[in-house]
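All letters in the sequence shown, in the order written, are residues 4 to 573 by our numbering.
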Amino acid sequence: MIKEFILPDIGEGVVECELVEWLVKEGDRVVEDQPVADVMTDKALVQIPAPHGGIIKQLHYAKGEIAKVHAPLYSVEVSDGEASHEVSEVGEISEVSPAQNESLSMTAHVAEGSDPVIPVSVSTEPVNTSHSTGVVWQVEEFLLPDIGEGIVECELVEWLVKEGDMVVEDQAVADVMTDKALVQIPAIKSGRIAKLHYRKGQLAKVHAPLFSIEVAVESTNDNLAATETSAVSTTKTAPSSQAVSSANVAPENVASENSSEPISQGKALASPAVRRMARSLNIDIASVSGSGKNGRVYKEDISRHQAGEVASMASPSVLPGAVQLPTSTIANDTVAQNRVEPIRGVRAVMAKMMTESVSTIPHFTYCDEFDLTELVALRESMKKQHSTDEVKLTMMPFFMKALSLALKEYPDLNSQVNSDCTEQRFFTRHNIGMAVDSKVGLLVPNVKDVQNKSILAIAADISRLTAAARSGRVSPDDLKQGTISISNIGALGGTIATPIINKPEVAIVALGKLQHLPRFNAQGEVEGRQIMQVSWSGDHRVIDGGTIARFCNLWKHYLEQPQEMLLAMH
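In structure tokens, the structure reads:
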């Protein structure tokens, strides 16, 4: 039984997501809770598990496409009982006439709604007849499956096997190019390649035979006679079907034979339409410099390449007195092409949110210098005892706890305003976010309820969130309900910044790098101290300079004198 997997709700207000990576392919068998796909929402990279086991029949989206929530994501064949039911059907079909057999097979394929592999002939000679069971070879057509929404054809870029080769299940057979991606086609059964229906560079049709494969099928001695009878019947009907097939194929073959042999096409990222244009102009597409992502070739690149060839052909007949550019300059201009990449996923969300924040929030910046010598010494003494492989006792837990203590005295910084700035909501929870430079872009997960947690509990949450963010697999809940944010730019370098507020929050602080610098002590002597610059950005609609200065002074007091922070903790 084939069922559609409906993409569930994966976040509050999320109606679509980008298909980042398929973790399975069509024909794979999956088990319950096995990860099937990675999708990117506006907030996080989410892994979609299989709700039940079965065989993946069809993937409805190509990598990079936008999938809709509450719409089918993939088709899966489920129910073990269905497999046994199909086996019993095969036994019943072997007892009816060949014509009925063919009719039942076609009906079963239509009812399933899948892309079938249709047997076209059966060998009359069994390999082994001395035992109770034998093996017969039958040729099956591999139908090119759906490889992307709206795609009806693709170009055969490369055959990875040749006629007569033995292949195993899931072995890569061919590389095909759609308008969107280079796709590798695997074999769904083991066997011997009987015929390749397309040559390199030709356009293959979706749902049409791509290649023929001989597969071994077990058959009992009682059924061998029926198999032979079926084979004879199939052989008798073969001429008519071959005539129809020849009628369909002949015009293309005649046309290709009558036409001059086109220039061979090398490997390149390009759609079939662009490749057709290159063939029509007798241009090897591999020699064209693509201006798209990963060197993808567009029609404009073909035209530009052709214009360059025409110019190079015309160059010998330069008029007297004309200035001729060096060929090295022309070659460099041809090779050095600009790249154009779409902004998607987290980067697209970041662009939208940062633009909205800057255009709607009047930012102001406040900077100060912290002497963290005492805190560094305390952390070093605690790290030896409390750090583990899972939990790293960094400086960040101390910053967050001190920030929470200061927020109790200055709740304005732990608030949000409505869209027209007529109401201000003050939060009792201190959900402190930390900006993480992940592989998918900037993410800001937050540690929940810092006001109620110890420094070691905060450290455990930070270690968990950092690992999840850097792998791009943050839970949507960890990205929601933040009240104030910290950006630790000092981990990468730099001392002063102007951070952009993470709307709808009203404040954010950037931590500079920790530096060992000379400073005067109380006796006027110069000594080395651990110095850090911090930079605040505040929403000037609800926070004024005096408020953020007093708040920062209290935060600084707790960090520069960590014993005071420990006394203030309840």
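Beta carbons: idealized from backbone N, C-alpha and C, even for Gly.
- Under the criterion of beta carbons closer than 8 angstroms, V23 and V42 qualify as touching, at roughly 6 angstroms.
- Listed as beta-bridge partners of C157 by DSSP are A207.
- For G56, the three-state secondary structure derived from DSSP is coil.
- Note that the C-beta distance between G436 and N524 is not below 8 angstroms.
- In this structure the segment 402-420 lies against the segment 546-564, because at least three pairs of beta carbons, one per stretch, are closer than 8 angstroms.
- Rounded to the nearest whole angstrom, the CA to CA distance from V509 to Q419 is 6 angstroms.
- The closest CA to that of I461, considering only R202, D374, L375 and H433, is found on H433.
- Closest in alpha carbon position to L206, among D168, A276 and E143, is A276.
- Following the DSSP letters along the chain, one finds S384 inside the alpha helix (DSSP H) bounded by residues T376 to H389.
- Rounded to whole angstroms, K208 and D481 show a C-alpha spacing of 46 angstroms.
- When DSSP states are grouped into helix, strand and coil, Y369 belongs to the strand group.
- Between the beta-carbon of L517 and that of L381 there is about 14 angstroms, and that puts the pair past the 8 angstroms contact cut.
- In the three-state DSSP reduction, V343 falls in the coil class, being neither helix nor strand.
- Using a Cβ-Cβ distance cut-off of 8 angstroms, the segment 530-538 and the segment 361-371 are in contact, since at least three pairs of beta carbons, one from each stretch, lie closer than that value.
- Looking from the CA of N341, the closest CA among G295, A438 and D31 belongs to G295.
- Taking 8 angstroms as the cut-off, the Cβ atoms of L520 and I511 do not count as close.
- Here the C-alpha atom of P212 lies approximately 17 angstroms from the C-alpha atom of V170.
- For P365, same chain residues with a beta-carbon under 8 angstroms away, outside a window of 5 residues either side, are D542, H543 and R544 in chain order.
- At a cut-off of 4 residues, the continuous stretches assigned as alpha helix (DSSP H) that sit fully inside the segment 455-494 are 458-473.
- The straight-line gap separating the alpha-carbon atoms of T501 and V39 is approximately 41 angstroms.
- Comparing alpha carbon positions, the residue from W162, E158 and A190 closest to D173 is A190.
- In chain order, M403, K404, S407, H433, I435 and I461 place their CB closer than 7 angstroms to the CB of V453, counting only its own chain and leaving out the 5 sequence neighbours on each side.
- In its chain, beyond the 5 residues on either side, D374, T376, L520 and R522 have a beta carbon closer than 7 angstroms to the beta carbon of R532.
- By alpha-carbon distance to D168, the top candidate from A289, T431, I216 and G549 is I216.
- Bounds of the alpha helix (DSSP H) holding A571 are P565 to A571.
- Secondary structure of P414 (DSSP, three-state): helix.
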